[in-house]
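First residue of the sequence shown? That's 1 in full-length UniProt numbering, and the numbers climb one at a time after it.
A quick write-up on the structure given underneath.
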Amino acid sequence: MELELEILKFICANQGSVNTEELLCNLGSGDATADIISNREKFAFVCPFGQPKVVARTCLRLCLSKDCPGTCTGLHLCKKFLLTGSCQFTRTRTGCRFSHCLDSFHNAAKLTEHGLESLSRSELCTLLLQSDTRLLPQVRPEVEWPSGVLANHRTAGCQRAANGTLTAGTAPFCFLNVII
Ligand SMILES: [Zn+2]
Ligand SMILES: [Zn+2]
């Protein structure tokens, strides 16, 4: 497996962030690893409670338009499906208007463009949740959020989240505290 993908999967398997030291121990502490995680578009460094961590992120976004002609750069995927792996609208007569298919022509192309084509739905969910502020509800959501994602962001929480002055979009690794 390509090293970057291996790193990404390792981080996703650890709820989206890992101790830098643990990452280097597991996947090699050579220049190749250091080079890959220094890519600011895909990885970020945080230091909650003095513990350096690497957080995975992506520039890929969900397309939230209801009638997108398909010319956008976003992923065409049902948000509910992304978050939970299922969608109650599939059981209704009209069905869900959003796609539940990661390997549709459009989605496969976008995932490949961002090097994410071999991520599972839940890995992608972890990654998108901590990269895309628009996926975050301002109030506690009805859906079950992946428990690790919340725990992770609590750990990475900043003071502004703690005192309630943090607004969505401040930083990819602490805005999740808005929903805690
Ligand atoms: Zn679109
Ligand atoms: Zn759906």
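Every residue gets a Cβ at the ideal spot worked out from N, C-alpha and C, and that includes glycine.
{"Item": "Pairwise C-alpha distance: residue 75 and residue 158", "Value": "The predicted model places residue 158 with a pLDDT of 38, which falls under 50 and marks its position as unreliable; any figure quoted below should be read in that light. Straight-line Cα distance between these residues: approximately 30 Å."}
{"Item": "Residue 140, buried or exposed, once every other Cβ within 10 Å from all chains shown has been counted against 16", "Value": "Unreliable placement is indicated for residue 140, whose pLDDT of 36 sits below 50; no coordinate value is reported for it."}
{"Item": "Reduced DSSP secondary structure (H/G/I, E/B, other) of residue 98", "Value": "coil"}
{"Item": "4-residue-minimum alpha helix (DSSP H) runs that sit fully inside the region 27-91, ordered along the chain", "Value": "31-37 and 79-84"}
{"Item": "C-beta contact flag for residue 42 and residue 19 at 7 Å", "Value": "no"}
{"Item": "Residue burial classification, residue 49 (beta-carbon count within 10 angstroms, cutoff 16)", "Value": "exposed"}
{"Item": "Residues of its chain near residue 32, where Cβ-Cβ distance is below 7 Å and the 5 sequence neighbours each way are ignored", "Value": "3"}
{"Item": "Pairwise C-alpha distance: residue 29 and residue 96", "Value": "45 Å"}
{"Item": "Option nearest residue 12 by Cα separation, candidates 116, 135 and 25", "Value": "116"}
{"Item": "Reference residue 63; option with closest CA among 55, 57, 26 and 73", "Value": "73"}
{"Item": "Closest Cα partner of residue 85 within the set 94, 99 and 93", "Value": "99"}
{"Item": "Ligand 2 heavy atom lying under 6 Å from the CB of residue 80", "Value": "yes"}
{"Item": "Counted within 10 angstroms of its Cβ, other Cβ atoms place residue 57 as buried (16 or more) or exposed", "Value": "buried"}
{"Item": "Three-state secondary structure assigned by DSSP to residue 17", "Value": "strand"}
{"Item": "Sequence-distant residues of the same chain with beta carbon closer than 7 Å to residue 144, five excluded per side", "Value": "Confidence in residue 144 is poor, its pLDDT being 38 and thus under 50, which makes the residue's placement unreliable; the coordinate value appears in the next sentence. Hits under 7 Å: 84."}
{"Item": "Neighbourhood of ligand 1 [Cβ distance below 7 Å to any heavy atom], ordered by chain position", "Value": "63, 65, 68, 70, 72, 74 and 76"}
{"Item": "Residue burial classification, residue 142 (beta-carbon count within 10 angstroms, cutoff 16)", "Value": "Confidence in residue 142 is poor, its pLDDT being 32 and thus under 50, which makes the residue's placement unreliable; the coordinate value appears in the next sentence. Counting Cβ neighbours within 10 Å, residue 142 comes out exposed, since fewer than 16 surround it."}
{"Item": "Nearest to residue 80 (by Cα), restricted to the options 15, 38, 121 and 70", "Value": "121"}
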